Amino acid sequence: MREPPQDRLRDENERPIQGQRDFVLYWMVASRRTRHNFAMDRAVAWAVRLRRPLVVLEALRCDYPYASERIHRFILEGMADNARSLKSKPVLYHPYVETARGAGKGLLAALAKSACIIVTDRFPAFFLPRMLKTAAAKVDVRLESVDGSGLLPLSASPKAFARAHDFRRYLHRELPHHLAEFPKASALSGVDLPRLKHPPDAIRRRWPPAPPNLLKGTGLEKLPLDKTVPSVTLRGGMESAKTTLNEFLERGLPAYAEGHSHPDAEATSGLSPYLHFGHVGSHQIFSALLDRLDGSMERIGRSAENWWGLGPNAEAFFDQLVTWRELGFNFCALRDDADRYAGLPVWARDTLERHKKDRRPNHYDFPTLAGARTDDALWNAAQRELLATGRIHNYLRMLWGKRVIQWTREPEEAFRLLIRLNDTYALDGRDPNSYNGIGWVFGRYDRPWPERPIFGKVRYMTSASTRRKLHLSRWLARYSDT
Ligand SMILES: Cc1cc2nc3c(=O)[nH]c(=O)nc-3n(C[C@H](O)[C@H](O)[C@H](O)COP(=O)(O)OP(=O)(O)OC[C@H]3O[C@@H](n4cnc5c(N)ncnc54)[C@H](O)[C@@H]3O)c2cc1C
C-alpha cells in the first residue's frame, strides 16, 4: 500500500485512533477528486490497515462567504463526477448538500462518533484553516490532515519567501528530494475493503445524500445563494479538468512561452478553477507533461535555463504552476496576514501611505466596478470577462488590479475591493493565489520602482501601454461593450 510522504501528514489533534469503530472517514474539503490524491491514498491505507470500510464525506454548505450559484454549481459538478467514479468501488461516498443555512451543522461530529480516524485535506487559505482547527477540537477521534497542495510539501519551506527569485532558487535545490512520491492515479485499484451500504440511520435521516438531480445543478435556485452571481458555462469536476488539461497539452502548451501573455493567443491552460477546487492536482499535471514531452526525472535540474528538462514551453508553464503558485501557498501557510493589507511589505505600505493624499482621477464604489462601468474601456472589458466566465487572463488581471488603486480614496480600500471582486466573481478566487495576486498588485514580491503619484514606488501599469504590448483585438471584440 503506497502512503503519502510523512512530511505531508499532520495530526490536527491528540485524540486516539478508535480502531474498533465502524469505518475510516475521509472528509474531502479541498482535493475534491478521487484520483491522484494523497489524502485519498492515506484514507485507503488506513482502511486497509484497520480492516474497516471507507466513507468519503464531501459536504457543501450554503453559508460560506461568497456562496453563489456560480461557485456552487462548479463544486456540485465535481461532486457528480466523484459520485460516478466511486459508484462501483468498495467505498461509501456521502455527498451532502445543505438546503438551508446551518442544516449541515453537526454532521461531521455525528459521523466522527462512528469513525476510527478522520483524514482530511489541508488548505492554507479562506475559512478552511479555521474550520480544520474547530473540527479538530470538537471530534473525539484522531483528525489527520494531508497536504496535497503542490509539488513541494508545505512543511518543507523554512520561511515565507519575499521574492519569487529566492523561492525559485530554493525549489531548484530542494524539489528533487520531493519528487520521488506521487499520489496514485487510482487509489482503489487492487484494494479490497469491507463495504458499508449506507451511512448510519441517524445520519441518513438528518443529513441525507444529495439527490442526483441536485448534483446535476437542478434546483439550485431554491438554495439560499447569491443569485446575482450566476453560473457560467465552464463545467466543474475532475473529468472536465482532465479534458481541459489534455486540450492544453495539445494546443496551448506548444505556444505557451511566446503566447501566454497575449489573450488572443489562447495559450494558457485555464486550469486555475480546477486547481482551486482540487478537481486536478499539480502531480497529475506534472505527470501528464512528462508523458506528453517524453521527459524523465533524470533530466530534472541539469541546467538552470531548462530546469525541468522539457524545453522552453514547459519551463515557462512550470514557472507559473510551481514557482508562482506554490509561492502563494507557501506564503499563506506561514503567514496569517496574507489576505490583509497589513501583510504587504513595509516599503510598499510606507510609500503608498506617503501618497495617500494625492489626487485620484476618479472614485468608484463596488457596484460601479462590479458592473464594469468605469471610464477605462480595457478595464471594463477585463471585468466583463470576469462576470461572464469567472476568469480573467493573467496579464490583464495585473492591470485590472493596478487600476483600482487609482480609483479609491485610500489603498486599503482598493485592497478590500479587489478581494471582494475577485472572491465574488472568480471561480479560482478564495485561493492563496487570490491574496498573493492582489498582494503583488500592491508590491508583494516586487521591488521599489521610480516614484510617481498615488502609487509611490509600487509598480505602475497603464491601459494604454497594455494595449500596445498585448495581442488582444479578438479578446476585446468579445468583451468590450461597443
Ligand atoms: C490581481 C490578481 C488576482 C489573482 N487572483 C487569482 C486567483 O484568485 N486564483 C488564482 O489561482 N490565481 C490568481 N491570480 C494569478 C493568475 O492570474 C492566475 O492563476 C492565472 O491567470 C490562471 O490562468 P491559467 O490557469 O490559464 O494560468 P496558466 O498560465 O495556464 O498557469 C498554470 C497555473 O499556474 C498558476 N499560475 C499562473 N499564473 C500565476 C500567478 N501569476 N500567480 C500564481 N499562480 C499562477 C495557476 O494555478 C495556473 O492555473 C491572480 C493574479 C492577479 C494579478
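First residue of the sequence shown? That's 434 in the working numbering, and the numbers climb one at a time after it.
We put the CB at the ideal spot given by N, CA and C, even for glycine.
Bear in mind that the values here come from a model prediction, so they are computed numbers and not experimental data.
Who are the near neighbours of residue i in its chain, counting only those whose CB is closer than 6 Å to its CB and skipping five residues on each side?
i	result
serine 501	Leu658, Asp659, Val662
glutamine 816	Ala805
phenylalanine 848	Tyr774
alanine 643	Pro528, Val530
histidine 709	Asp861, Asp864
arginine 575	Arg448, Ile450, Ile550
glycine 535	none
alanine 781	Phe875, Gly876, Val891
Please classify residue i as buried or exposed, where buried requires at least 16 other C-beta atoms within 10 Å of its C-beta.
i	result
valine 488	buried
alanine 635	exposed
proline 883	exposed
asparagine 763	buried
serine 898	exposed
arginine 684	exposed
threonine 567	exposed
arginine 503	buried
glycine 583	buried
histidine 693	buried
arginine 880	exposed
alanine 700	buried
aspartate 724	exposed
alanine 533	exposed
valine 779	exposed
serine 590	buried
histidine 610	exposed
glycine 652	exposed
Which residue from the options puts its Cα closest to that of residue i?
i	options	result
serine 705	Leu854, Pro865, Arg637	Pro865
asparagine 746	Lys902, Val530, Ala690, Arg494	Ala690
phenylalanine 751	Thr822, Leu608, Asp625	Leu608
aspartate 783	Ala589, Val891, Arg482, Tyr603	Val891
alanine 910	Tyr858, Leu458, Gly870, Glu818	Glu818
aspartate 440	Arg454, Val579, Cys495, Arg885	Val579
isoleucine 551	Ser729, Leu565, Gly834	Leu565
histidine 796	Met512, Arg435, Ile504, Arg836	Arg836
alanine 917	Ile838, Leu820, Arg435, Ala859	The question about residue 917 has no answer here: the residues shown for the chain are numbered 434 through 915.
threonine 857	Thr666, Tyr868, Pro498	Pro498
aspartate 625	Lys902, Arg792, Arg484	Arg484
aspartate 554	Lys546, Glu577, Ala536	Glu577
serine 913	Asp496, Pro562, Asp809, Pro627	Asp809
aspartate 438	Gly581, Arg448, Pro557, Gly537	Sequence inspection shows proline at residue 438; the aspartate mentioned does not correspond to that position. If we check each option's Cα against that of proline 438, Gly581 comes out closest.
asparagine 679	Ala516, Gly703, Thr666	Gly703
arginine 482	Ala737, Ser664, Gly452	Gly452
proline 687	Leu726, Thr895, Glu846	Leu726
Could you round the C-beta distance between residue i and residue j to whole angstroms and report it? I think they count as a contact, below 8 Å.
i	j	result
glycine 669	phenylalanine 507	3 Å
leucine 647	leucine 509	7 Å
histidine 631	arginine 637	6 Å
proline 486	alanine 480	7 Å
glycine 889	arginine 787	6 Å
alanine 721	leucine 682	6 Å
aspartate 455	serine 547	4 Å
leucine 802	leucine 754	Not confirmed; about 29 Å, so no contact.
glycine 830	glycine 870	A quick correction: the sequence has arginine, not glycine, at residue 830. Going by Cβ atoms, the distance from arginine 830 to glycine 870 rounds to 7 Å, so yes, they are a contact pair.
isoleucine 852	aspartate 798	That pair is no contact at about 15 Å.
tyrosine 868	cysteine 765	7 Å
Which residues in the same chain have their Cβ closer than 7 Å to the Cβ of residue i, if we skip the five residues on either side of it in sequence?
i	result
arginine 900	Leu811
glutamate 843	Lys789
arginine 494	Glu531, Gly537
threonine 756	Ala597, Phe600, Arg601, Leu604
aspartate 444	Arg575, Glu577
proline 633	Ser547
Please return the same chain residues whose Cβ sits closer than 8 Å to the Cβ of residue i, not counting the five positions on each side in sequence.
i	result
serine 906	Asp697
proline 523	Pro486, Leu487, Leu621, Val624, Asp625, Leu626, Pro627, Arg628
arginine 793	Gln839, Trp840, Thr841, Arg842, Ile887
Report yes or no: do three or more beta-carbon pairs, one from the segment 568 to 578 and one from the segment 538 to 545, lie closer than 8 Å?
They touch, by the three-pair rule.
Between the segment 461 to 470 and the segment 616 to 626, can you find at least three pairs of beta-carbon atoms closer than 8 Å?
yes
Report yes or no: do the segment 673 to 686 and the segment 711 to 722 share at least 3 C-beta pairs separated by less than 8 Å?
By the Cβ test, the segment 673 to 686 is in contact with the segment 711 to 722, since at least three Cβ pairs between them sit closer than 8 Å.
Inter-stretch contact at 8 Å, needing at least 3 Cβ pairs: the segment 452 to 463 / the segment 585 to 595:
In this structure the segment 452 to 463 does not lie against the segment 585 to 595, because fewer than three pairs of beta carbons, one per stretch, are closer than 8 Å.
Count Cβ pairs between the segment 522 to 531 and the segment 730 to 739 that sit closer than 8 Å; are there 3 or more?
With a cut-off of 8 Å on Cβ pairs, the segment 522 to 531 is not in contact with the segment 730 to 739, counting fewer than three such pairs.
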